[in-house]
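Comments concern the structure below.
In full-length UniProt numbering, the protein residues as written are 1 to 308.
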């Protein structure tokens with residue numbers, strides 16, 4: 001769906017490399033694809049090179065790149081010692097990138113968060129490039145910038161990383177519209193930009209089209225009928241797409257939260273659409289930072305990006 005509306009590449013949600021390797025049920029649940037779902041990067045979190053390589057080998061012929069998540073700031077990443085919490089463990093990061101670069105037939109990508117200074121962030125990025133990364137995404141917030149303390153992404157850090165590297169660099173953060181995406185690329189001088197949770201709220205973000213959330217929700221449900229997934233995944237996506245509308249229809253929000261089938265989800269979306277037809281005008285909803293479309297801590301995010 002995001003590809004239809006202008007995303008030139010897509011990433012899977014973050015996949016736990018050890019669970020993916022050891023648990024067939026987990027593997028079947030978190031990774032499904034089709035011929036149309038290309039180009040595709042499979043995004044792994046890891047801290048063990050051997051486990052990461054073995055997991056990557058399972059999907060090497062089903063995707064176009066392996067992406068190492070070095071940017072997750074959530075508590076689960078702290079407990080598991082992966083994601084952004086490897087930002088001060090450069091030896092581990094180096095070994096993760098090198099083992100993939102030396103043993104896979106497809107490219108290795110990475111996504112990082114900025115560190116506490118521009119100089120340190122640039123050196124970190126250069127180390128990752130030297131280890132074999134061929135495309136780097138930089139999220140312009142530190143590990144502590146999350147939830148209500150999120151703040152704005154720092155484009156200056158991203159620009160300096162781009163200027164220091166010879167590989168493609170994508171910017172990430174502060175983007176909810178196509179205009180903001182274009183502005184992000186202009187300011188950071190990057191080769192493109194990645195949207196994570198912003199594109200979950202508006203899958204048509206890269207098209208510049210203004211499509212009503214309930215219309216997008218119904219289109220998403222049509223894709224679900226064609227490419228079946230678990231109802232918990234469907235609920236999560238519908239909550240994001242309908243975020244601005246469900247604030248004023250709390251009963252439907254609560255009903256959606258307790259659905260057990262995709263048919264029940266569809267009925268709620270249709271009820272919402274009928275109600276919205278009767279509303280006299282658009283009601284502006286002020287979202288605080290904890291419910292922001294760009295809050296990467298809300299849910300695991302699919303990701304797409306736009307090349308300049």
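Ideal placement from N, C-alpha and C gives every residue a C-beta, glycine not left out. All values derive from a computational prediction rather than experimental measurement.
Paired residues, beta bridge with residue 109 - DSSP: Locating residue 109 in the chain shown gives position 109, counting from the first residue. Paired residue(s): 67, 135.
7 Å Cβ shell around residue 86 - same chain, five flanking residues per side excluded: Sequence index remark: in the chain shown, residue 86 carries index 86 (1-based). Here the set comprises 47, 70, 92, 93.
At least 3 beta-carbon pairs within less than 8 Å: the stretch 118-133 vs the stretch 47-58: no
Given 8 Å, three or more beta-carbon pairs between the stretch 223-234 and the stretch 23-39: With contact defined as three or more Cβ pairs closer than 8 Å, the stretch 223-234 and the stretch 23-39 are in contact.
Beta-carbon contacts of residue 131 that lie in its chain and below 7 Å, excluding the five residues immediately before and after: Here the question's residue 131 lines up with position 131 in the chain shown. Once the five neighbours on either side are set aside, the close Cβ partners of residue 131 are 94, 97, 98, 101.
Close beta carbons around residue 268, own chain, < 6 Å, minus the five adjacent residues each side: Taking the chain shown and counting its residues from 1, the one referred to as residue 268 is at position 268. Counting only Cβ-Cβ distances below 6 Å, and skipping sequence neighbours, we find 252, 255, 256.
Helix, strand or coil at residue 337 [DSSP, three-state]: The displayed coordinates of the chain run from 1 to 308. Any statement about residue 337 would go beyond what the structure contains.
Residue 45 (DSSP reduced to helix, strand or coil): The sequence position of residue 45 within the chain shown is 45, counting from 1. Residue 45: strand per DSSP, three-state reduction.
Contact set for residue 136: own chain, Cβ-Cβ below 8 Å, skip 5 residues either direction: As a working mapping, residue 136 is identified with position 136 in the chain shown. The residues are 109, 110, 111, 112, 125, 128, 129, 161, 165, 167, 168, 169, 170.
Distance between residue 275 and residue 64 (C-alpha atoms, nearest Å): As a first step, residue 64 is located in the chain shown; it is residue number 64 there, counting from the start. As a first step, residue 275 is located in the chain shown; it is residue number 275 there, counting from the start. Our two residues, residue 64 and residue 275, have alpha carbons roughly 43 Å apart in a direct line.
Residues of its chain near residue 266, where Cβ-Cβ distance is below 8 Å and the 5 sequence neighbours each way are ignored: For this step, residue 266 is matched to residue 266 along the chain shown. So the qualifying residues of the chain are 218, 221.
Classification of residue 83 by the beta-carbon crowding that lies within 10 angstroms, buried from 16 upward: Counting from 1 along the chain shown, the entry for residue 83 is found at position 83. By the neighbour-count rule (16 or more Cβ atoms within 10 Å), residue 83 is buried.
Of the residues 22, 12, 139, the one placed nearest residue 39, counting alpha carbons only: Along the chain shown, one-based indexing puts residue 39 at 39. Residue 12 is the option with its Cα nearest to residue 39.
Given residue 144 as reference, the closest of 200, 18, 72, 177 once Cα atoms are compared: Looking up residue 144 in the chain shown gives position 144. Closest by alpha carbon: 72.
Integer Cβ distance of residue 141 from residue 173, believed to fall under 8 Å: Walking along the chain shown from the start, residue 141 turns up at place 141. Walking along the chain shown from the start, residue 173 turns up at place 173. So it is a contact: roughly 6 Å between Cβ atoms.
Alpha-carbon spacing of residue 258 relative to residue 43, whole angstroms: Indexing the chain shown from 1 puts residue 258 at position 258. Indexing the chain shown from 1 puts residue 43 at position 43. Roughly 29 Å between the two C-alpha positions.
Neighbourhood of residue 116 by C-beta, 8 Å cutoff - its chain only, sequence neighbours within 5 removed: Within the chain shown, residue 116 is the residue found at index 116, counting from 1. Same-chain partners within the cutoff: 142.
Residue 200 versus 207, 237, 279, 177, residue with shortest Cα-Cα distance: Taking the first residue of the chain shown as 1, we reach residue 200 at position 200. If we check each option's Cα against that of residue 200, 237 comes out closest.
Rounded straight-line distance, which links the Cα of residue 189 to that of residue 208: For the purposes of this step, residue 208 is taken as residue 208 along the chain shown, with counting starting at 1. For the purposes of this step, residue 189 is taken as residue 189 along the chain shown, with counting starting at 1. Between residue 208 and residue 189, the C-alpha separation is close to 21 Å.
Closest Cα partner of residue 138 within the set 68, 62, 245, 107: The sequence position of residue 138 within the chain shown is 138, counting from 1. Residue 68 is the option with its Cα nearest to residue 138.
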